[in-house]
Ligand SMILES: [Zn+2]
């Protein structure tokens, strides 16, 4: 490690520089290709500061010059774009029946997307070993591409506290597991940070960064997995609540006389509008869900009356749950993910009608309900987004020495 020979600098000076580097990096990400003058105009930083910050970002290979120029009044300018070719962010999602892994570059382009089966009921130790094996393969692949891994974030369906401990993941059967610590051990301290977060939270980050509603500052993502969790972004930030347990929409009771829920209560949203309600079984086998859902889609397309009636009821119940979010949080966008996506043509119309009916604000306060376009790896992609977010907040990888 090379330390400065000019003596210690005030900590806040270093903080300001790190913050400004992040501001410039973020500007380039959002506006590339752009010139140094564009950055100065867009961020309010003076031109000399921008030049120095850009030089630093180029040294770290986070930004590069394209060599393109743009003819304007005055001198042509060198344009800048994100580089990041020596880096990768990794996101992993653990769910009841699969583990998926995504690696992205700085712009969020998928470098790889893998999915393999996983059986719920595995002990935490077995789960950690399986996930570590997947991560090791991803890291090896990235090393072959000469990319340094910036970090890993793991999505888990359950209550994850603010320290990343899995408190309860009912559908995995896990409790009080230090998943991040266990993974770091299994990976033999891999040299990058490992974060653990709730699957809905990370999927919401993916939607905000890469989804159809990219840039929306008030967005709620609903996982349509075995459980139904909500990831809440308000005023541009993920909202986790006091201990990190916000968003358990699946166990909001819609009907005290409703069907039994796996949590032991009755009439929860999960029991009335989860995948079990679609398949008309309380406890469908994870391995069979996708096959059975394909069957439901086929029947719905064929106009089967019983199927359409079930989907209508599920959509209406889902809409009642969604209207609670609309009344409580006034989001601009509610995104349905997971198993809801293939069912969206039938679920969205009754859900939207129920929201309009139950929301007190005219036109549900402008709240739109849409299906995710990110596919099944939204939560894993969100893990990568979370790693990239830490760049935005100023945690940049150190300068890389160029070998040429
Ligand atoms: Zn319940």
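Numbering (this note's numbering), first residue to last: 380 to 783. We put the CB at the ideal spot given by N, CA and C, even for glycine.
With 16 or more other Cβ atoms from the protein chains shown falling within 10 Å of its own Cβ, residue 507 counts as buried. Just so you know, the alpha carbons of residue 722 and residue 744 end up roughly 25 Å apart. Residue 538 is a Cβ neighbour of residue 624, given a cutoff of 8 Å.
DSSP places residue 433 in no beta strand (DSSP E) but in the uninterrupted alpha helix (DSSP H) bounded by 426-438.
Closest option to residue 396, judged by alpha-carbon separation, among 572, 424 and 458: 424. A Cβ-Cβ contact shorter than 8 Å links residue 716 with residue 751.
The Cβ atoms of residue 475 and residue 604 sit closer than 8 Å to each other. With a cutoff of 7 Å, residue 644 counts as near ligand 1, since its C-beta is closer than that to a heavy atom of the ligand.
Residue 458 sits in a strand when the DSSP states are folded into three classes. When the alpha-carbon of residue 710 is set against those of 606, 615, 726 and 636, the nearest one is in 615.
For the beta strand (DSSP E) assignment, the uninterrupted runs of no fewer than 3 residues enclosed by the region 578-617 are, from N- to C-terminal side, 598-601 and 609-613. At least 8 Å separates the beta-carbon of residue 732 from that of residue 754. Runs of the alpha helix (DSSP H) lying entirely within the region 680-766 and spanning at least 4 residues, in chain order: 684-708 and 719-737. In this structure residue 584 is buried. Its beta-carbon is surrounded by 16 or more other beta-carbon atoms within 10 angstroms.
Distance from the CA of residue 639 to the CA of residue 602, rounded to the nearest whole angstrom, comes to 20 Å. When secondary structure is reduced to three states using DSSP, residue 673 falls in the helix class. The Cβ atoms of residue 467 and residue 528 sit closer than 8 Å to each other. The nearest non-hydrogen atom of ligand 1 is 7 Å or more from the C-beta of residue 652. Using a Cβ-Cβ distance cut-off of 8 Å, the region 582-598 and the region 513-528 are not in contact, since fewer than three pairs of beta carbons, one from each stretch, lie closer than that value. In the structure shown, the three-state DSSP call for residue 486 is coil. For residue 532 against residue 574, the beta-carbon gap comes to about 4 Å, under 8 Å, which counts as contact. Taking C-alpha positions only, residue 768 is separated from residue 683 by approximately 46 Å. In the DSSP assignment, residue 527 falls within the unbroken beta strand (DSSP E) covering 527-535.
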